[in-house]
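Chemist: Protein chains in written order, with my numbering: chain A, 50 to 268; chain B, 50 to 268.
2 protein chains.
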Amino acid sequence: MIATPLTAATTASALAQRLREAIDAGRWQPGELLRQEQIAAEYGVSRIPVREALAQLQSEGLLEIAHYRGARVSRPQAGEIDELFDLRLMVEGDLLARALGRHDQRSLRELVRLQDKLEDADNRLGWISGDIAFHEALYGPAERPRSLALFRQLRAPIDRFNAQALGPGARKQGWADEHRQLIAAIGAGDASAARAILEQHLQATRAVVLAACSGEGDN
Amino acid sequence: MIATPLTAATTASALAQRLREAIDAGRWQPGELLRQEQIAAEYGVSRIPVREALAQLQSEGLLEIAHYRGARVSRPQAGEIDELFDLRLMVEGDLLARALGRHDQRSLRELVRLQDKLEDADNRLGWISGDIAFHEALYGPAERPRSLALFRQLRAPIDRFNAQALGPGARKQGWADEHRQLIAAIGAGDASAARAILEQHLQATRAVVLAACSGEGDN
DNA sequence: CATGGGATAATTGTATCCAAAATTGACAGC
DNA sequence: GCTGTCAATTTTGGATACAATTATCCCATG
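Structure follows, in structure tokens:
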């Protein structure tokens, strides 16, 4: 089966995007081998851009590539998920604190708009990308590019589990409530309240992800 | 001029290592283009592993690659250096706190040994790699692989400036004193003292790097 | 003399082909 | 029947060749 033709700046980057989505969608299970030849045939390209795409996904932590032994979907350990949430709390807490005094009417309205849009999303991928957009708008005024990049990097492996294990219904209400409370705390300029809500938000998400992780984790 | 033959697991990874060192040594200035053909000829390989090495260095933040336009040495901004130190303080502070109660006689002796070795290093590269080894041994008992990887990632762009701008003599004594004080605080199990020394250590380094950065930064 | 268009060259991205390593399977030996 | 060894096959890594894109330079034109 040959997929629809690739249209993007470069074949390799388009492939990376496609493969990312395919892995998130469960096309390959954690630990499963991705064969270069097979992928090349599937997308109608040669193995060169396939290799570059795989290397890209490796640098993102999505794959583990062993010399002459192929690329496998990496399998996040429960302990690492836990660690990632601790790191997120540090980084995002700092971003939130720095962004707090820099929000204005316009950025607050934008947050509300993004949250409305997020609550309308019905599929899990739309839900997650909407959540990312919300948090980026939340932290954007801090003007901390490296921290924001780090935020994305720390989320990625967590979202992979979220996308597979969670439906849009799971904890959606609490999730939305916390977002609304965050907006309110920022509007009031209440730093400690905002921090507490963020902490609550991440702890609750951690619990859900860990439950899903240990529930289906059979290695 | 053709460099000495490459000997490593894979040509691409060996090239990446060589290029990293070459860039750290100033073989290419920030903003300068790295030509694939030229590098390939220089190391006696084809352009394929060169491309993979360049992609690797891009993912490390060392290069910026534009489609059909080549790879350039990235130019860290002063604001980003500042941000990186703030992130380091968060991550390393957390690692230090978690490692504190887990050190024992053996790991403390290892720290002393690494520090002795570090103070013997006479060239700047040995100094920096020795400092990395010391800090990894310092944070190792925390058993936080992601945080440790993040530590390396946050150091890399800073060390590049350190390697270029600083000699081994600059602040070497204060540096060593702070390391010794850290070992003492850990031996005494004094968390707040250890944290304070780490903070002092990083702030002093930040000042030196920022001075070097703004001193030669002519963009 | 400045400026814009277009041919030419230089450089990157991709396909095809070859070499090296690893996996698989059969078979001999115990 | 199990195990170790070796050939055949599969798969990955790298080299060479070709296509696509961008940069450069020349010259016509205002």
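Glycine included, C-beta positions come from ideal geometry on N, C-alpha and C.
Could you tell me which uninterrupted alpha helix (DSSP H) segments, each at least 4 residues in length, are contained entirely in the segment 178 to 251 of chain B, listed from first to last along the chain?
Modeler: Counting whole runs of 4 or more residues, the segment 178 to 251 of chain B contains the alpha helix (DSSP H) stretches 194 to 214, 221 to 237.
Chemist: For B/Gly-223 versus B/Ala-182, is the C-beta spacing smaller than 8 Å?
Modeler: No, the Cβ-Cβ distance between B/Gly-223 and B/Ala-182 is not below 8 Å.
Chemist: Can you check which of these residues, B/Gly-179, B/Leu-133, B/Ala-191, is closest to A/Pro-194 by C-alpha distance?
Modeler: Considering only alpha carbons, the answer is B/Leu-133.
Chemist: What did DSSP end up calling A/Val-161 once you bin it into helix, strand or coil?
Modeler: Reduced to three states, the DSSP call for A/Val-161 is helix.
Chemist: Just to make sure I have the definition right: I need the residues of chain B whose C-beta is within less than 8 Å of the C-beta of A/Ser-95. Which are they?
Modeler: Correct list: empty, because the minimum Cβ distance to chain B is about 12 Å.
Chemist: Along chain A, in chain order, which residues have C-beta atoms closer than 8 Å to that of B/Arg-195?
Modeler: Per Cβ cutoff of 8 Å: Glu-129, Glu-132, Leu-133, Leu-136.
Chemist: Can you confirm whether the segment 138 to 155 of chain A touches the segment 228 to 243 of chain A when touching is taken to mean that 3 or more C-beta pairs between the two stretches lie within less than 8 Å?
Modeler: Counting Cβ pairs under 8 Å, three or more are found: they touch.
Chemist: Beta-carbon within less than 8 Å of B/Leu-82's beta-carbon, same chain only, minus the 5 sequence neighbours each way: which residues are those?
Modeler: Gly-119, Ala-120, Arg-121.
Chemist: Taking its Cβ as the centre, do 16 or more other Cβ atoms sit within 10 Å of A/Met-50, making it buried, or is it exposed?
Modeler: Bear in mind that the predicted position of A/Met-50 carries a pLDDT of just 46, short of 50, making it unreliable; the figure below should be weighed with that in mind. That one is exposed.
Chemist: Under 8 Å, Cβ to Cβ, is there at least one residue of chain A near B/Thr-254?
Modeler: Chain A contact via Cβ: absent.
Chemist: Determine, for B/Leu-259, whether the minimum Cβ-Cβ distance to residues of chain A falls below 8 Å.
Modeler: Chain A, which has no Cβ nearer than 8 Å to the Cβ of B/Leu-259, makes this no.
Chemist: When DSSP builds the beta bridges, which residues end up paired with A/Arg-121?
Modeler: The partner list for A/Arg-121 (beta bridge, DSSP) reads A/Leu-82, A/Glu-113.
Chemist: Please report the straight-line C-alpha distance between A/Ala-90 and A/Arg-96, rounded to a whole angstrom.
Modeler: In a straight line, the C-alpha of A/Ala-90 is about 9 Å away from that of A/Arg-96.
Chemist: By a C-beta neighbour count over all protein chains shown, 10 Å radius and 16 as the cutoff for buried, is A/Asn-211 buried or exposed?
Modeler: Buried.
Chemist: So B/Leu-136 and B/Leu-203 are in contact, right, with Cβ under 8 Å, and what is the actual spacing, rounded?
Modeler: Contact holds; Cβ gap of about 5 Å.
Chemist: Assuming A/Tyr-188 and A/Leu-144 make a contact with CB atoms under 8 Å, what is their CB distance in whole Å?
Modeler: At roughly 4 Å, the Cβ-Cβ gap stays under 8 Å, so A/Tyr-188 and A/Leu-144 are in contact.
Chemist: First and last residue of the alpha helix (DSSP H) that includes A/Ala-74?
Modeler: Premise fails: A/Ala-74 is in no alpha helix (DSSP H) and is neither H nor E.
Chemist: Relative to the C-alpha of A/Gly-80, which residue among A/Phe-200, A/Arg-220, A/Leu-111 is closest?
Modeler: Of the candidates A/Phe-200, A/Arg-220, A/Leu-111, the one whose C-alpha sits nearest the C-alpha of A/Gly-80 is A/Leu-111.
Chemist: Grouping DSSP H, G and I as helix and E and B as strand, with all else coil, what is B/Asp-153?
Modeler: It is coil, neither helix nor strand.
Chemist: Taking only beta-carbon atoms, is A/Glu-101 less than 8 Å away from chain B?
Modeler: It does; some Cβ of chain B falls within 8 Å.
Chemist: Would A/Ile-130 and A/Ile-235 qualify as a contact pair, given that the criterion is a beta-carbon distance under 8 Å?
Modeler: Against a cut-off of 8 Å, the Cβ pair of A/Ile-235 and A/Ile-130 comes out as no contact.
Chemist: DSSP three-state label for A/Ala-170, please.
Modeler: Coil, per DSSP.
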